Amino acid sequence: MSIISNLLGHILRIIFEFVNNYGLSIVVFTLFVRLLLVPLMVKQIKSQKAMQDIQPKIKEIQEKYKNKPEKQQEELMKIYQEAKINPLAGCLPLLIQMPILIGLFNVLREPVLYGVFQNADVAAQAAQAGFLWIKDISATGSVSLALLSGVSAYFMQKMMTTGDDQTANMMKSMTYVMAAMSLFWGYTFQAGLAIYWITSNLFSIAQYQLITSPLKAKLADSKEAVVKDEKSGKPNSNAKSDKKDRNKK
Numbered sequence: 109m110s111i112i113s114n115l116l117g118h119i120l121r122i123i124f125e126f127v128n129n130y131g132l133s134i135v136v137f138t139l140f141v142r143l144l145l146v147p148l149m150v151k152q153i154k155s156q157k158a159m160q161d162i163q164p165k166i167k168e169i170q171e172k173y174k175n176k177p178e179k180q181q182e183e184l185m186k187i188y189q190e191a192k193i194n195p196l197a198g199c200l201p202l203l204i205q206m207p208i209l210i211g212l213f214n215v216l217r218e219p220v221l222y223g224v225f226q227n228a229d230v231a232a233q234a235a236q237a238g239f240l241w242i243k244d245i246s247a248t249g250s251v252s253l254a255l256l257s258g259v260s261a262y263f264m265q266k267m268m269t270t271g272d273d274q275t276a277n278m279m280k281s282m283t284y285v286m287a288a289m290s291l292f293w294g295y296t297f298q299a300g301l302a303i304y305w306i307t308s309n310l311f312s313i314a315q316y317q318l319i320t321s322p323l324k325a326k327l328a329d330s331k332e333a334v335v336k337d338e339k340s341g342k343p344n345s346n347a348k349s350d351k352k353d354r355n356k357k
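Under our numbering, the residues of the sequence shown are numbered 109 to 357, in order.
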């Protein structure tokens, strides 16, 4: 973890040298790291959608071979291979993201240790330069940052909770839990960490609106088109396109 934190610390230092404001550096730094993680998020969504599409087949096999675990596993592997799905692929992006996000948290908590500033005096000077209405980036107890943390976390969680999801009720409960925890963190954490948390929440909201939601809709439409074509006995548009490409070659 220290290797990741040191790397992220040097990146934050480079950003600070360009923008010359610690608070703005944290905002730019957070956006930079979150943008790097977007491809992993896209891959995770596609993997989750693929797993969702084959759930009826999976349940059918589990019911059919519930007393034959070895046969059940064998048939499930066949389903995964036919659909070209790795059942662990959906977890991989999350496993990669977590060390990066934890490393980012460590850097903002101890910027001197991870090479952002040369010493504590330089770090204090940078923090006390302020950002927007915040007078000291290293200070705690900001009511405004606490409120922004809680509100941004609430809307982020609420946006990602779907009514038709089996886990919708649990997600709704998590919305309030996350909002309360974020409110607490925003007040007790240093202002720099609160800025990171708020920026990350706002990025997640924008990411959902601009990438996640449209991508899920596109994948759902693509699946519906394939199902309709299969029922009507017509090749779908993607198949036609692939055939044309092969003929050209």
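We put the CB at the ideal spot given by N, CA and C, even for glycine. Computed from a predicted structure; not experimentally measured.
For F124, the number of other beta carbons within 10 angstroms of its own is at least 16, and it is reported as buried. By the neighbour-count criterion, in which 16 or more other beta carbons inside 10 Å mark a residue as buried, L116 falls on the buried side. Note that the C-beta distance between Y316 and M267 is below 8 Å. Per DSSP, A299 is one residue of the alpha helix (DSSP H) stretching across 299 to 315. When C-beta atoms of the stretch 146 to 155 are compared with those of the stretch 176 to 186, fewer than three pairs fall below 8 Å, so the two segments do not count as touching. Residue range 163 to 172 is occupied by the alpha helix (DSSP H) that includes P164.
In this structure, the alpha-carbon of S260 lies about 41 Å from that of M185. By the Cβ-count criterion, Y284 is exposed, with fewer than 16 other Cβ atoms from all chains shown falling within 10 Å of its own Cβ. S312 sits buried, since 16 or more C-beta atoms from the chains shown fall within 10 Å of its C-beta. When the beta-carbon positions are compared, I245 and A299 come within less than 8 Å of each other.
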